[in-house]
Structure formats: C-alpha cells, structure tokens
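The structure under discussion appears below in the form of structure tokens.
2 protein chains.
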Amino acid sequence: MTAPYSIAGDWGTTRMRLFRCVGGRVVDRVDGPGIGALASATPAQALRDAIAPWRADGAPLHIVLCGMAGARSGVAEAPYAHCPADAQAWTARAQRLVLDGIPVAIAAGLACERADGAPDVMRGEETQLFGALHLDAALASGRRLCALPGTHGKWAWLEDGRIVQFQTFPSGELFALLRDQSTLTRVGDDPAGEDAGFDDGLAAARTRSGLLGQLFRARAAQLRAGKTRGWALGYLSGLVIGSEVGEILDASPAPPALTLVGDPALSARYARALAGAGATATTLDGDACALAGLHLLEETLSWS
Amino acid sequence: MTAPYSIAGDWGTTRMRLFRCVGGRVVDRVDGPGIGALASATPAQALRDAIAPWRADGAPLHIVLCGMAGARSGVAEAPYAHCPADAQAWTARAQRLVLDGIPVAIAAGLACERADGAPDVMRGEETQLFGALHLDAALASGRRLCALPGTHGKWAWLEDGRIVQFQTFPSGELFALLRDQSTLTRVGDDPAGEDAGFDDGLAAARTRSGLLGQLFRARAAQLRAGKTRGWALGYLSGLVIGSEVGEILDASPAPPALTLVGDPALSARYARALAGAGATATTLDGDACALAGLHLLEETLSWS
Numbered sequence: 049m050t051a052p053y054s055i056a057g058d059w060g061t062t063r064m065r066l067f068r069c070v071g072g073r074v075v076d077r078v079d080g081p082g083i084g085a086l087a088s089a090t091p092a093q094a095l096r097d098a099i100a101p102w103r104a105d106g107a108p109l110h111i112v113l114c115g116m117a118g119a120r121s122g123v124a125e126a127p128y129a130h131c132p133a134d135a136q137a138w139t140a141r142a143q144r145l146v147l148d149g150i151p152v153a154i155a156a157g158l159a160c161e162r163a164d165g166a167p168d169v170m171r172g173e174e175t176q177l178f179g180a181l182h183l184d185a186a187l188a189s190g191r192r193l194c195a196l197p198g199t200h201g202k203w204a205w206l207e208d209g210r211i212v213q214f215q216t217f218p219s220g221e222l223f224a225l226l227r228d229q230s231t232l233t234r235v236g237d238d239p240a241g242e243d244a245g246f247d248d249g250l251a252a253a254r255t256r257s258g259l260l261g262q263l264f265r266a267r268a269a270q271l272r273a274g275k276t277r278g279w280a281l282g283y284l285s286g287l288v289i290g291s292e293v294g295e296i297l298d299a300s301p302a303p304p305a306l307t308l309v310g311d312p313a314l315s316a317r318y319a320r321a322l323a324g325a326g327a328t329a330t331t332l333d334g335d336a337c338a339l340a341g342l343h344l345l346e347e348t349l350s351w352s
Numbered sequence: 049m050t051a052p053y054s055i056a057g058d059w060g061t062t063r064m065r066l067f068r069c070v071g072g073r074v075v076d077r078v079d080g081p082g083i084g085a086l087a088s089a090t091p092a093q094a095l096r097d098a099i100a101p102w103r104a105d106g107a108p109l110h111i112v113l114c115g116m117a118g119a120r121s122g123v124a125e126a127p128y129a130h131c132p133a134d135a136q137a138w139t140a141r142a143q144r145l146v147l148d149g150i151p152v153a154i155a156a157g158l159a160c161e162r163a164d165g166a167p168d169v170m171r172g173e174e175t176q177l178f179g180a181l182h183l184d185a186a187l188a189s190g191r192r193l194c195a196l197p198g199t200h201g202k203w204a205w206l207e208d209g210r211i212v213q214f215q216t217f218p219s220g221e222l223f224a225l226l227r228d229q230s231t232l233t234r235v236g237d238d239p240a241g242e243d244a245g246f247d248d249g250l251a252a253a254r255t256r257s258g259l260l261g262q263l264f265r266a267r268a269a270q271l272r273a274g275k276t277r278g279w280a281l282g283y284l285s286g287l288v289i290g291s292e293v294g295e296i297l298d299a300s301p302a303p304p305a306l307t308l309v310g311d312p313a314l315s316a317r318y319a320r321a322l323a324g325a326g327a328t329a330t331t332l333d334g335d336a337c338a339l340a341g342l343h344l345l346e347e348t349l350s351w352s
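Pasting the structure below:
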C-alpha cells in the first residue's frame, strides 16, 4: 500500500513545480508549465494532468499551492494579506476549495503601499519569505532586507519576523525581453565572453549614470569593438542586475543585514553585484524556502 | 514628358520613406517596410519594388539614401565618419554604387567613442543633424545639444557646426517591448487614461529613484488601484522618456541650448518631459531635416 501523501506546489507565471510529500519529506517532484504558459487547458485541468501519475497510487490527502495559482488567471483567486503582515495574518487568508474531492489551499499573496503611494503586490515570494523565516531564526529578529531575484524580483524589508514593505523589480522579465526580442544582442552569434560581459555590465551600472544610456553599448560594442553576442548578453545581465542593486542601495544607504532567497545561480549573480557595491549577503535556496513556507501553511491550516 | 527627378530616401530599421524630388522639391512620396522588417526580399529588391511605379515614367537621375540602408544588412555597407565630424567629412565618406544603371549614394553613418571608452554609432540621424544645421543657421554656432527621439534615440552634442559626441538611448525599442511583449500592461484592455498616465510616469521619473523599481507600478496599479491599460501605457512612456531626460540632465547640469529633431508627436512628449525638469527646447521636423540633409549630400556629390 502507498503511504499517504500530500502535494505542495509553487506555481508561478513561468513554471510549475509540484512536490509529492510524505510526512513533510519530498519523495518525488514534477515540473510543468507556468500559469502564463498554459496553451488551452484551464489551470485546474493543467493541475489534474500534472498530478495524474501520482493519483494512480491514490488521491493525495490535500494540495497546498502558492504563486500565480492564486491569481485572477489561476486555479482560484486568493486574497492579498496587507503589509505589515506576519505569518499568522498570511496563513489566515489562504483560499480554500475542493478539486475532484481533494481539499486544496492556495496561499494568499501580499499587497503593500509604498511611501509614495504606489501599490505593489507579490504572489509566491511571501511563501518563500515566511519559509525563510521558519528556516532561519536569525532572520526573524530585528531589521532585515531580503532579495528574491526573478522574473518579477522582490526586495522585502522585514522587522521582527513581519514583512513591513516590499518593492518589485521586473528585471528578469526585462532581461529576457532584451535577450530574446531586442536588436541589442542580434549582431553576431558567438556565445563566448559572457562572464567578462557581466563584469563590464556591473561596472557600467556602478557609474550610476543611468540604465537607459548604457543599454545600447551591447549593440555598439559588437559593431565597433569586436565584442561577441555572449559578451553582450552578459553585459546586459550585469547592467540590469547592477542597476537594480544600485537603486536599492541608493535608497538604503546603510542597509540592514541582507539575505538572498532564490535560484542559486541567479543569487550568485546578485551576490557579485552586491560585493562590487561593497555589500554582502547570506543566501538561502529558493525552492527550500518555498517548501518550508508551504509546509508551514499546511501545518497551520485545519484539514478536517 | 516627365520632368527629370531624383529620389531621396530615409530608410531605417522600422520604416522606409522615399521622396520623389524635382529641382529639390518633393512631388511624391512612398512609404515601405524598414530594413529590419523585410520578409524575404533583399534590400536591393525591396528598393526596386518601391520605386517601380516611378520608373514607369523613366529612370531617376540618381538615388540618395540614409539610415540602415547603409548597414551591413542594408543595400550596401557604408563606412562611418568619426566624431568630431563636420558636413564635409561626412559627405566625403558616402558609399557609391550603381543599381540597374542608376547612380546611388548611401550616406555614411557616424561613430564616436564616449568618455568612458564605450563606442557608439548612428545611421540616419547624422543626415537629420546636418540637415538641421543647414536649415537653422543658429544651430551651427556655439555649443548645442540636439535630441533625436526614436527607436534608438540619439542625443548629440554640437560645437560650431561639428558633431563632437553623441549617445544612444534605445528608449523607443524598450517602450515597444514593454507595451507589446511584457506582462506589465496586460491586465485589462481599457485604452482610456493614457495622458494622465504619461504625467504620472514623468513624475515617477523625476523622483530619480531609478527606472527598474518603478516599472512594475504599471501592472500593480491596474491590479490594486483601478488604473486602466491606457494609463499603464502612458505611465511607461512617461517613465521611460522622463528617465532618459533625467539621465541627460544629470550628466549636463547646465545644458547648452536644446533642440528636438523628430516626429512632432514624439517631440512633444520629450518637450513635456523637459519642461517638467525645467528645461526648454526648440523643435524641428525630423522628415524636413532628413530631406535637407539628403539634398545637401546630393548637391555636394559629383554625379558625372
């Protein structure tokens, strides 16, 4: 007989990651399309399809999801918790539903209003943040600044375990547009030189003369200075990441202790940008934090 | 009998504009696809197709082209003149060829090296600039700063009629990517509110807190503050244009006399951004300047 299992899932715009868990331990995982990449299937149907192989062993006890699964275009719209928010305020606002007889909870997102009155939102990163607070006790005391790099990267200010404020930097989306759709990289096709380009991009960002006036160098240096397409891609990545870090450090001249939460390779790029600007950060794995947050939600909710 | 005519053309990445001229006066025009938008036809064939109706009246005396027609991917690669460059240095480097028996000249581009060693290039805007210098005698004396907004917009510093330095801002390309390809605008579809959005974008840019951290407001304000897609498009346009103007004014705290050269509607947006930052500019029509530059080239070259 198969051991009773639950499913924890981080389902964002660009990818779905589902974990099969037994007693809080991951025993299998499946990756699938993001909410923004579903062709014709509804999100509910895409979820059914993704878990069908596991259901052949019997239904899961329940499913806990975070991310764009809770957006208007997701499985079911989950509300936002408002900043400042602690884990209790967040778990209390999870959206409950039943899918094919299986109890489902979808994590609430977070909303905040910035000092200038501009609104901001996150869906998924709050689960990583509350997971990080659960994994790292030091993070839950005093003032902390967490970066969660990505398509719509977030910087979140924490105070004694509450998320008090955050700001979105769509740097991942911007870089992907520049890489895949712009004329800035399309001159040659030699992939070499990306690492040197990244450092040149960071250096360009550190001049703080502005992002817009530095973008075109990706193209001009291929036409006039013998640079490769690989260099140009690295340059644009370094320029965008370095500019993001520069904007944050300009706004927080004496930032509190810094933590990077995310994909290790991407976090390493941000760590290089921070180091170049004289700041250091500890890093936490984004998937591990998402799982910890989903388990926290799972344990807090009543499933009876 | 048809009057002898010549053809002057500004052929960029996104559009082709050809003018049929008799004695320096435009008698007809035809618009066609940009060099970057040619499906399968070679640039030479696209040019043949575009002028075929005029050739039915007889061959033109000659053809003078500027822009991406002189790029590696154009009709024939024209060299770059190096900054500082005056009109004489520029006209001397035009690329000559013969197409189906018709003498053709393609304007040289301009190349420069910025103070930080980064290279920059233009193809087409130099023709507008030398045309502007020809049309407006005041522009040819002293230090001047000219903006040529567009897909790959340029800011050019002039001294006594020479182009001494310039910088490319690919703001038009960036805005088009954000408008057409990003998730930032795709929430609703109500086109209202663009003008108010533009002003809000300019105001956000004037805070100088950075472009990257302000982009996501286009999406968040639709989700959380009842803003329309039209507002979001206007906001992104104002934010990008305002940031470009801010970068230039930061680098030139006491800028010399400012001139805007370009499409009147786009120039008006830049004029609003400049006014909001306390600067004023005179404006010149971009097509008129391009024609004046092409005629200058036509008159300077020997066609015997």
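Taken in order, these protein sequences are the chains called X and W.
Adding 48 to a residue's 1-based position in the first sequence gives its number in this note's numbering.
Adding 48 to a residue's 1-based position in the second sequence gives its number in this note's numbering.
C-beta atoms are modelled at their ideal positions from N, C-alpha and C, and glycine is treated no differently.
Check: Amino acids of chain W, ordered along the chain, whose beta-carbon sits closer than 7 Å to that of X:Leu314; Outcome: The contacting residues do not exist; X:Leu314 stays about 16 Å from chain W at best.
Check: Proximal residues of chain X, C-beta to C-beta of W:Ser230 below 7 Å; Outcome: Glu221, Leu225
Check: Collapsed DSSP secondary structure at W:Asp58 in the structure displayed; Outcome: strand
Check: Proximity winner among W:Ala299, W:Ser291, W:Ser230, relative to W:Ala280 (alpha-carbon distances); Outcome: W:Ser230
Check: Burial state of X:Arg68, where buried means 16 or more other Cβ atoms lie within 10 Å; Outcome: buried
Check: beta-carbon W:Ala269 near the ligand GTP non-hydrogen atom, thresh 7 Å; Outcome: The ligand GTP is not among the ligands present in this structure, which contains no ligands whatsoever.
Check: Within chain W, partners of X:Asp298 - CB distance below 8 Å; Outcome: Ser257, Gly258
Check: For W:Arg141 and W:Leu177, the rounded distance between their alpha carbons; Outcome: 16 Å
Check: Three-state secondary structure assigned by DSSP to X:Trp203; Outcome: strand
Check: Chain-ordered chain X contacts of W:Arg320 [CB-CB under 8 Å]; Outcome: What W:Arg320 touches in chain X: nothing, since even the nearest Cβ is about 17 Å away.
Check: Beta carbon proximity, W:Arg254 to chain X, threshold 8 Å; Outcome: no
Check: Residue-level contact to chain W via CB, X:Thr216, 8 Å cutoff; Outcome: yes
Check: Interfacial residues, the segment 152-178 of chain X to chain W, with Cβ spacing under 8 Å; Outcome: Ala159, Asp164, Ala166, Pro167, Asp168, Val169
Check: Neighbour list for X:His130 in chain W, Cβ cutoff strictly below 9 Å; Outcome: What X:His130 touches in chain W: nothing, since even the nearest Cβ is about 10 Å away.
Check: Assigned secondary structure, X:Tyr128 (DSSP; H/G/I helix, E/B strand, else coil); Outcome: strand
Check: Continuous alpha helix (DSSP H) stretch holding X:Thr216: start and end; Outcome: Unbroken run through X:Thr216 is the beta strand (DSSP E), 210-217; no alpha helix (DSSP H).
Check: Chain-order list of residues whose beta-carbon lies under 8 Å from that of X:Ala100 (same chain, five-residue window excluded); Outcome: none
Check: Interface flag, X:Gly80 vs chain W, CB-CB below 8 Å; Outcome: no
Check: Residues, ordered as in the chain, of the segment 272-291 of chain X that lie near chain W by beta-carbon distance below 9 Å; Outcome: Arg272, Ala273, Val288, Ser291
Check: Counted within 10 angstroms of its Cβ, other Cβ atoms place X:Pro167 as buried (16 or more) or exposed; Outcome: buried
Check: Closer than 8 Å to chain B by CB, W:Arg265; Outcome: Judged by its chain identifiers, the structure shown contains no chain B, and its protein chains are X and W.
Check: Neighbour-count burial assignment, W:Gln215, 16 or more Cβ in a 10 Å radius; Outcome: buried
Check: X:Leu226 and W:Val169 closer than 8 Å at C-beta; Outcome: no
Check: Segment limits, alpha helix (DSSP H) that includes W:Gly286; Outcome: 277-299
Check: Where the alpha helix (DSSP H) through W:Thr175 begins and ends; Outcome: 173-183
Check: Complete runs of the beta strand (DSSP E) confined to the segment 77-140 of chain X [at least 3 residues]; Outcome: 111-115, 128-130
Check: Rounded C-alpha distance that separates X:Phe217 from W:Gly258; Outcome: 10 Å
Check: C-beta neighbour in chain X for W:Thr61, strict 8 Å; Outcome: yes
Check: Cβ separation of X:Ser291 and W:Leu260, assumed to be a contact under 8 Å, to the nearest whole Å; Outcome: 6 Å
Check: DSSP three-state assignment for W:Thr231, whether helix, strand or coil; Outcome: coil
Check: Short CB-CB distance (under 8 Å) between W:Gly84 and chain X; Outcome: yes
Check: Length of the line joining the Cα atoms of X:Leu113 and X:Leu308; Outcome: 22 Å
Check: C-alpha distance - W:Gly324 paired with X:Gly118, whole-angstrom precision; Outcome: 40 Å
Check: Proximal residues to X:Glu173 (C-beta, below 6 Å), its chain only, five neighbours per side dropped; Outcome: Leu196, Lys202
Check: For X:Pro167, three-class secondary structure by DSSP; Outcome: strand
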